[in-house]
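Those letters in the sequence shown? Residues 680 to 1057, per our numbering, in order.
For every residue, glycine included, the Cβ atom is placed at its ideal position computed from N, Cα and C.
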Amino acid sequence: MATSWPAEGPPILWSLEGLGEGYAGVAVSRGRVFLLDYDEDKEEDTLRCLSLEDGREIWRNGYPIELKKNHGVTRTIPVVVGDFVVTIGPRCQLACWDFETGKNHWLIDLVIDYGTSVPEWYTGQCPLIDGDRLIVAPAGKKTLMMAIDYRTGKILWETPNPRLWGMTHVSVVPMEFEGRRMYVYCSNGGITGVDAETGEQLWDSNVWPERFASSPSPVPVPGGRLFLSSGYRKDIGSLMLQIKKKGDTFTAETAFELTPKQYSCEQQTPVYRDGHLFGVSKRGGKAVCLDLKGNEVWNSGRDKFGDGPFLIAGNLFFGLHEHGTLTLAEIDNKSYKQLATCEPLGEAHEAWAPMALAGGRLILRDITRMVCLDVRQK
């Protein structure tokens, strides 16, 4: 990929205007771009399939759903596996679509079928595909988490929810510890890990209840650790959780805490790489690198990103300020060096959606517009 840009920025390959208000990122697979949008005129959640090459719409399909703008509408990214595309809509409709045609294979309404309470500002949880299973956390009246055959919609197992922990914007993440594969989820009552094969609850902890809003997902770190962060708590900004096993029993203990001034993030999930954590801090909106004891190694100085997204590819860091400035930097575990900046969205509004990089094409958006940039090395 290019390590320098012309003054006007990388070439814009295509752009879209008039998206339904939201912060949903895209999934890219086999030359196609998938976006869960909201069609205000038809009052439909709409899955749109676009050409990665030129942005041309190949197909769209959806289902009717009435809702009002609540700080935007869409927030989730589809997941593509083989000939299937799975989505979770703003009001918790879980659906599976055909990759080629957009035909709907099945739909489960988590509110109606599982008693899920839609989170403030609508759903932010993205679906997880692990092997032949779709993993989601309804966090409803009876079921906390469940596994589904993504091809048929058949339920494979369910984890009970006796404490009625509710849904947050966090997504389920997989992790391995002591030879056991598990799925981890942060609800509004605490965090838990369940067995990947059976759905049995292995451990839980109430040290991280985020009752107002939780957006960043847990970050698995080698050695049975999980890095948690939030921008809404006043007491704790981040926390490292240590999973332990004695005999057949798993437990979770706090390894260390960081104050909000030390590190917290409100929107974007940090990234673990090469023994370090990379993220954007709510304090000043700077990109930061932390060691695994929570110490800051470097920050981006004058380069700030607000609540905007970032993406790491090799040693290249792409950071989008929520008001539209895109920054390219070179990073490692010791330093941050700005390489270039541009404003491909002009004056952007709430550019919070995750970016996507595929085949040297960078896709980014603000609340109603999307652009695809050519960031390949010429």
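As assigned by DSSP and simplified to three states, the class of residue i
i     : result
D927  : coil
I791  : helix
V849  : coil
H1000 : coil
N783  : strand
A816  : coil
E621  : Because residue 621 is not part of the residues shown, which for the chain are 680 to 1057, the question remains open.
F763  : strand
M1034 : coil
N740  : strand
G1025 : coil
K685  : According to the sequence provided, residue 685 is Pro. The question's Lys does not apply to it. DSSP places P685 in coil when its eight states are reduced to three.
F778  : coil
N840  : coil
E700  : coil
V705  : coil
I915  : coil
K833  : coil
W977  : strand
V1054 : coil
I1046 : coil
S884  : strand
F713  : strand
Candidates the options: closest to residue i by CA position
i     : options                       : result
L995  : V1050, G964, F957 and R981    : F957
A1030 : C1021, R1044, P1023 and T1020 : R1044
P853  : W844, L843 and Y864           : Y864
L813  : T930, M824 and R952           : M824
V760  : E696, Y829, G741 and A816     : Y829
Y862  : K913, V707 and P806           : P806
V873  : N867, V976 and W882           : W882
I991  : D1011, F713, A1019 and N867   : D1011
L907  : S796, L937 and E696           : L937
L1024 : L692, N885, M680 and A818     : L692
G781  : E1009, T1020 and Y742         : Y742
S697  : I791, A818, A931 and D720     : Reading off the sequence shown, one finds Gly at residue 697, where the question assumed Ser. Minimum Cα distance to G697 is reached at D720.
V764  : V707, P690, I791 and A818     : V707
D718  : V976, K748, L999 and T831     : K748
A1032 : L729, G710 and R754           : R754
T933  : G926, N885, A966 and K961     : N885
P757  : L714, V797, V976 and K913     : L714
N867  : G688, W844, N978 and Y951     : W844
S960  : A875, Y911, F929 and T930     : Y911
G832  : V797, A818 and I787           : I787
D939  : K913, P949 and T930           : Position check: residue 939 holds Pro in this sequence, whereas Asp was assumed. Nearest C-alpha to P939: K913.
L999  : A966, N978 and V976           : A966
R859  : R842, G878, H955 and G869     : G878
F997  : Y951, P817 and V1054          : V1054
R981  : H955, L731, G704 and Y1015    : Y1015
Close-in-space but distant-in-sequence residues of the same chain around residue i (CB under 6 Å, 5 per side omitted)
i     : result
R739  : T725 and R727
E1022 : G1003 and T1004
G903  : F856 and I922
H784  : C775
Buried or exposed (CB count within 10 angstroms, at least 16 for buried), residue i
i     : result
P895  : buried
P901  : exposed
T802  : buried
Q1056 : exposed
H750  : exposed
D716  : buried
G701  : buried
A686  : exposed
F935  : exposed
E779  : exposed
R709  : exposed
T930  : exposed
R711  : buried
E723  : buried
T847  : buried
Nonlocal neighbours in the same chain, by C-beta distance under 7 Å from residue i, ignoring five residues either side
i    : result
L746 : V752, P769 and R770
Q880 : T838, T871 and V873
D953 : N1012
L835 : R812, A826, I827 and D828
W684 : L1007, A1019 and C1021
G869 : W844, D883, S884, N885, W887 and P888
Neighbourhood of residue i by C-beta, 8 Å cutoff - its chain only, sequence neighbours within 5 removed
i     : result
T822  : Y793, E837, T838, P839 and N840
S694  : G734, R1048, M1049, V1050 and C1051
V815  : I767, L773, L789, Q804, P806, L807, M824, M825, I827 and V851
E1026 : H1002 and G1003
Any 3 or more C-beta pairs closer than 8 Å across the region 970–977 and the region 985–993:
Taking 8 Å as the limit for Cβ pairs, the verdict is that the region 985–993 does not touch the region 970–977.
Count the CB pairs spanning the region 938–951 and the region 903–920 that are closer than 8 Å, and state whether there are at least three.
Here the region 938–951 lies against the region 903–920, with 3 or more beta-carbon pairs under 8 Å apart.
Segment contact, 8 Å Cβ cut-off, at least three pairs: the region 997–1005 with the region 1039–1053:
yes
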